[in-house]
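Participant:
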Amino acid sequence: MQIDPQYESYGSLYHKIQNDSTDFHNTVTFLFDAMKQTNLTIETEIDYLKSVTNQTTETVEVIKKLLNRILRNDQDAKQELIKKRCILGRIKLDSSCHLAVLKLELKSLGNRQKIKIPTYTYNNYSSWYLKKLNVQRLFRIWSNMIIKTVNMSIDKTNN
Numbered sequence: 001m002q003i004d005p006q007y008e009s010y011g012s013l014y015h016k017i018q019n020d021s022t023d024f025h026n027t028v029t030f031l032f033d034a035m036k037q038t039n040l041t042i043e044t045e046i047d048y049l050k051s052v053t054n055q056t057t058e059t060v061e062v063i064k065k066l067l068n069r070i071l072r073n074d075q076d077a078k079q080e081l082i083k084k085r086c087i088l089g090r091i092k093l094d095s096s097c098h099l100a101v102l103k104l105e106l107k108s109l110g111n112r113q114k115i116k117i118p119t120y121t122y123n124n125y126s127s128w129y130l131k132k133l134n135v136q137r138l139f140r141i142w143s144n145m146i147i148k149t150v151n152m153s154i155d156k157t158n159n
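Written as structure tokens, this is what we have:
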């Protein structure tokens with residue numbers, strides 16, 4: 001090993017090694033402190049991510065519960081709608097049966113039979129106007145009124 005001419009004596013070489021050793025120690029200490037700081041930052045980030053994960057999991061659970069409740073309500077509403085449609089179907093069937101019976105009764109009466117009509121206005125038809133009509137025309141008006149009423153009820157439940 002060759003010694004640099006500036007370190008002519010062992011004493012100056014010893015001081016140089018000691019200074020280099022101190023610099024090395026300081027550099028290692030600085031790197032160690034920086035590594036501790038980095039580890040602390042990483043641990044803080046990990047704790048934050050764990051917290052966010054827990055909050056996200058809780059939020060997902062709440063959303064699942066809400067979606068299940070919405071699904072149940074939707075199914076209940078569908079069942080209720082089906083029930084109402086069945087009821088309206090029965091009403092419509094009863095009305096059509098009633099109209100058929102009424103039609104048969106009116107046919108049996110013929111055009112010469114007098115029909116008693118109330119003296120108030122019904123569905124924009126005055127009693128005076130209705131008294132002037134024949135039986136078939138009265139049947140058509142009453143049929144249309146009943147069908148219109150049933151269809152309005154069906155439309156309301158569909159909305």
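Note that UniProt numbering numbers the sequence shown so that position 27 is 27, with each residue one more than the last. Yeah, the Cβ is synthetic: ideal placement off N, Cα and C, and Gly gets one too.
Whole angstroms is fine: what's the gap from Ile85's alpha carbon to Ala100's?
Facilitator: Translated into the one-based positions of the sequence shown, residue 85 becomes position 85. Translated into the one-based positions of the sequence shown, residue 100 becomes position 100. It should be pointed out that residue 85 corresponds to Arg in this sequence rather than to Ile. Each residue's Cα considered, the two are about 22 angstroms apart.
Participant: At the level of alpha carbons, what is the spacing between Asp74 and Ile147?
Facilitator: Here residue 74 refers to the residue found at position 74 of the sequence shown. Here residue 147 refers to the residue found at position 147 of the sequence shown. One C-alpha to the other measures close to 30 angstroms.
Participant: Ordered along the chain, which non-local residues of its own chain (more than five positions away) have a Cβ less than 6 angstroms from that of Lys83?
Facilitator: Against the sequence shown, residue 83 aligns to sequence position 83. Excluding sequence neighbours, Lys83 sits near nothing in its chain.
Participant: Do Phe139 and Lys92 have their beta-carbon atoms positioned less than 8 angstroms apart in this structure?
Facilitator: Start at 1 with the first residue of the sequence shown, and residue 92 comes out as number 92. Start at 1 with the first residue of the sequence shown, and residue 139 comes out as number 139. Against a cut-off of 8 angstroms, the Cβ pair of Phe139 and Lys92 comes out as no contact.
Participant: Whole angstroms are fine: how far does the CA of Thr38 sit from the CA of residue 161?
Facilitator: Absent from the model: residue 161. The displayed extent of the chain is 1 to 159, so no value can be given.
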